[in-house]
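S.K.: Submitted below is the structure of interest, expressed as structure tokens.
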Amino acid sequence: MSWRLALAVAIGLVLAIGVAAIREDPGTGTASWDAARAAGFAGYLLLWASVVTGMAVSLRVRLLKVPMTVVLESHRIVSALALSFVFGHAFALILDPVVHFSPVDAVVPFTSAYRPWQTGAGTIALWLLVVVLGTTAAPAIFSYARWRALHYLSFPCWGMALLHGITAGSDTSAGPVLAIYVLTAASVAAFGTVRAFGRGWAGEGAANPRVSR
Amino acid sequence: MRSRRGFRTERHGLLKVAVSAVAVAGFGGGWIAFTTGHDGGVTAAEQPAAGEAPTPVPSSAAATVAATTTAARSASTPVASRPTMARRGRAS
Chain A
6 MSWRLALAVA IGLVLAIGVA AIREDPGTGT ASWDAARAAG FAGYLLLWAS
56 VVTGMAVSLR VRLLKVPMTV VLESHRIVSA LALSFVFGHA FALILDPVVH
106 FSPVDAVVPF TSAYRPWQTG AGTIALWLLV VVLGTTAAPA IFSYARWRAL
156 HYLSFPCWGM ALLHGITAGS DTSAGPVLAI YVLTAASVAA FGTVRAFGRG
206 WAGEGAANPR VSR
Chain B
239 MRSRRGFRTE RHGLLKVAVS AVAVAGFGGG WIAFTTGHDG GVTAAEQPAA
289 GEAPTPVPSS AAATVAATTT AARSASTPVA SRPTMARRGR AS
């Protein structure tokens, strides 16, 4: 379900961005660039939601008092959607006539002429997301311990995405954008602290045997 | 105890459709907001007047604005694409 929805969203993004890029003026048009910005933010926020809901599942924290299965399934769909929007982000940048971002730049870190290490952080985040989702999509291949170890890559993945957004994004100096970065980082830090040092703080749900990993 | 790992044991299809719709709506809203954010800015100054043939060459007024913007943002804008990036309002 999540994969099919994510695939449908990705196809929709490609079509919408492709049509907009074809219709925009090659010299002054900004449609593809604006789409890249919007998709980048959407991908980042979905990635953040994925990390937060993932830690909530791990800690058995029922966000907003919803059933744990809802939190788990939300974690799955936002994770899959994050990849769709990251793909849309890269696709829009490739079509943009100004930044000259090639498909190779999108998949090989530090090869872009435009802010190489900053965009490279985004490329690394993309690959880490692919690894995390790929190992989850094929659970039979990996033991639980190995899957769990690889799943921890979601933290550096989110961190790289945040670094990429702050350093490569053109909207970082805007107040609302800065607030998004600060609030998302603070929430992940808070959940991560509880996750790492205070698992017992999570409360009554911590021992709930109905939801297993 | 059954493992919930993997994507083959999924439930709550309606929830996932709703989350996807919210994500797409957020993306669309952001795209529109970014597009309208150019209105009244440097890009709008470049728009040809009614009946005028579209041209990628900026007017002298727009070029002046672009030069000013470029100077103000020169510290963080890639050198190779600086003039065009500034003209399109993406130089910060």
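Top to bottom, those sequences are chains A and B. Add 5 to the 1-based position in the first sequence for the working numbering, that's all there is to it. Add 238 to the 1-based position in the second sequence for the working numbering, that's all there is to it. Every residue gets a Cβ at the ideal spot worked out from N, C-alpha and C, and that includes glycine.
(1) According to DSSP, simplified to helix, strand and coil, what is Pro72/A?
(2) Determine the extent of the alpha helix (DSSP H) in which Pro108/A is found, giving its start and end residues.
(3) Give me the Cα-Cα distance between Val262/B and Arg151/A, rounded to the nearest whole angstrom.
(4) Within 8 Å (strictly less), CB to CB, does Leu253/B reach chain A?
(5) By the three-class DSSP mapping on this structure, what secondary structure does Glu240/A have?
(6) With a cut-off of 8 Å, does the C-beta of Arg42/A fall near any C-beta of chain C?
(7) The alpha helix (DSSP H) that contains Pro121/A, what's its start and end?
(8) Would you mind giving the Cβ-Cβ distance between Val83/A and Val257/B, rounded to the nearest angstrom? I have them listed as a contact below 8 Å.
(9) Assign His94/A to one of three DSSP states: helix, strand, or coil.
(10) Can you find a CB in chain B that lies within less than 8 Å of the CB of Phe202/A?
(11) Using a Cβ-Cβ distance cut-off of 8 Å, determine whether Glu29/A contacts chain B.
M.R.: Well, looking at it:
(1) Residue state, collapsed to three classes: coil.
(2) Note, Pro108/A: alpha helix (DSSP H), 108-112.
(3) Put simply, the backbone Cα of Val262/B is about 33 Å away from that of Arg151/A.
(4) For Leu253/B, the answer is yes, since a Cβ of chain A falls inside 8 Å of its Cβ.
(5) No information on residue 240/A is available, as it lies outside the stretch 6 to 218 that chain A covers here.
(6) This model lacks chain C altogether; the protein chains it does include are A and B.
(7) Counting along the chain, the alpha helix (DSSP H) containing Pro121/A begins and ends at 121-142.
(8) That belief holds up - the Cβ atoms of Val83/A and Val257/B are roughly 6 Å apart, short of 8 Å.
(9) His94/A falls in the helix class under three-state DSSP.
(10) Interface criterion not met: the Cβ of Phe202/A is under 8 Å from no Cβ in chain B.
(11) Taking a beta-carbon distance threshold of 8 Å, Glu29/A does not count as an interface residue toward chain B.
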